[in-house]
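Trainee: There's a structure below that I have some questions on.
Numbering (the working numbering), first residue to last: 397 to 629.
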């Protein structure tokens, strides 16, 4: 479904990504692990068109994406939940969710709103509340729900556990797994390697802008280097 090959991305003279290659098959959850500064967020921003690579290719179902503007990539069915949530603080929960459906002209919006409320009942309870007054966990639910209102083919999730209490982290990851079971393909960037590998099918480890390891989630969870560096063992 998604194919990334030999991707180089630079910030000025600093090379953030160096020949990164990864793929995501339809129906998978693929995790990208790594420490701060490894290039995880840069990878997602490049896929969604917010950054332009200096070299390499990105394709969705064999359709090239490099050079396609971000709004057009959204229209192709890629929804990006950014690090830090980036909700519209002054809009209500309903207004935030409807912003996710803004590009759509089909008859399925109401059904997708019901789907979001089934996944996140708290959002239905807070539907008229100003988003900036929500708790951190509720804002993360809203950011994911807004992305789902696009009815995306591919969901890019950047650090969904950041800043959340452990009980909320488990809830968010359980819901991400549910979203995948409902048919949405997911590329997940996450520092919480244990949680990410518990729901992922496959994964990649990024180190200083390069892919250091790749394998199934089980293989990575059993890898001594991963266990030492990312699982605290």
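C-beta atoms are modelled at their ideal positions from N, C-alpha and C, and glycine is treated no differently.
In the DSSP output, which residue or residues are listed as bridge partners for residue 458?
Mentor: The partner list for residue 458 (beta bridge, DSSP) is empty, contrary to what the question assumes.
Trainee: Would you check if the distance between the CB atom of residue 445 and the CB atom of residue 478 is smaller than 7 Å?
Mentor: Not a contact, by the Cβ cut-off of 7 Å.
Trainee: Could you give the distance in angstroms between the alpha-carbon of residue 464 and the alpha-carbon of residue 423?
Mentor: If you take the alpha carbons of residue 464 and residue 423, they lie about 24 Å apart.
Trainee: Measure the beta-carbon distance from residue 583 to residue 428 and round it to whole angstroms, keeping in mind my assumption that it falls under 8 Å.
Mentor: Rounded, the Cβ-Cβ distance is 7 Å, consistent with contact.
Trainee: Classify residue 441 as buried or exposed, calling it buried when 16 or more other Cβ atoms lie within 10 Å of its own Cβ.
Mentor: Looking at its Cβ environment, which holds 16 or more other Cβ atoms inside 10 Å, residue 441 is buried.
Trainee: What's the C-alpha gap between residue 497 and residue 510?
Mentor: Those two C-alpha atoms are separated by around 13 Å.
Trainee: Using only CA atoms, which one of 499, 558 and 489 lies nearest to residue 516?
Mentor: Measuring from the Cα of residue 516, the nearest candidate turns out to be 489.
Trainee: Pull up the distance between the alpha-carbon of residue 539 and that of residue 483, whole angstroms please.
Mentor: Distance between the alpha carbons of residue 539 and residue 483: 6 Å.
Trainee: Could you check which residue in 514, 604, 552 and 491 has the C-alpha nearest to that of residue 523?
Mentor: Ranking the options by Cα distance to residue 523, first place goes to 491.
Trainee: By a C-beta neighbour count over all protein chains shown, 10 Å radius and 16 as the cutoff for buried, is residue 475 buried or exposed?
Mentor: When all chains shown are included, residue 475 counts as buried.
Trainee: May I have the straight-line CA-CA distance separating residue 630 from residue 521, to the nearest angstrom?
Mentor: Given that the chain is displayed from residue 397 to residue 629, the structure contains no residue 630 and the question cannot be resolved.
Trainee: Tell me the DSSP bridge mates of residue 477?
Mentor: Bridge partners of residue 477: 553.
Trainee: Can you find the residues in the same chain that come closer than 7 Å, C-beta to C-beta, to residue 568, ignoring five residues on each side of it along the sequence?
Mentor: Answer for residue 568: 536, 556, 557 and 560, listed in chain order.
Trainee: Return the chain-ordered list of same chain residues with a C-beta closer than 7 Å to the C-beta of residue 513, the five sequence neighbours on each side being excluded.
Mentor: Correct list, in chain order: 519 and 520.
Trainee: Report yes if the C-beta distance between residue 437 and residue 554 is below 7 Å; otherwise report no.
Mentor: Yes, they are a contact pair.
Trainee: For the beta strand (DSSP E) that residue 414 lies in, which residues bound it at each end?
Mentor: It spans 410–420 - the beta strand (DSSP E) in which residue 414 sits, taken as one unbroken run.
Trainee: In the DSSP assignment, the alpha helix (DSSP H) including residue 496 goes from what residue to what residue?
Mentor: Residue 496 -> alpha helix (DSSP H) spans 489–496.
Trainee: Mapping the DSSP letters down to three states, classify residue 582 as helix, strand or coil.
Mentor: Reduced to three states, the DSSP call for residue 582 is strand.
Trainee: Helix, strand or coil: which one does DSSP assign to residue 451?
Mentor: Strand at residue 451.
Trainee: Closer than 6 Å by C-beta to residue 549: which residues in its own chain qualify, once you throw out the five before and the five after it? Chain order, please.
Mentor: Counting only Cβ-Cβ distances below 6 Å, and skipping sequence neighbours, we find 473.
Trainee: Would you kindly work out how many angstroms separate the C-alpha atoms of residue 450 and residue 502, rounded to a whole number?
Mentor: Approximately 36 Å, taken between the alpha carbons.
Trainee: Output yes or no for whether 7 Å exceeds the beta carbon distance between residue 430 and residue 546.
Mentor: It is not a contact, given that the beta carbons lie outside the stated cut-off.
Trainee: Locate the alpha helix (DSSP H) running through residue 568, then write down its first and last residues.
Mentor: Residues 562–577.
Trainee: For my contact list, residue 439 and residue 416 are in at a C-beta cut-off of 8 Å; report their separation, rounded to the angstrom.
Mentor: With 8 Å as the limit, residue 439 and residue 416 qualify as a contact, their Cβ atoms being about 6 Å apart.
Trainee: Report the rounded CA-to-CA distance for residue 499 versus residue 542, giving the unit in angstroms.
Mentor: Spanning the two alpha carbons is a distance of roughly 12 Å.
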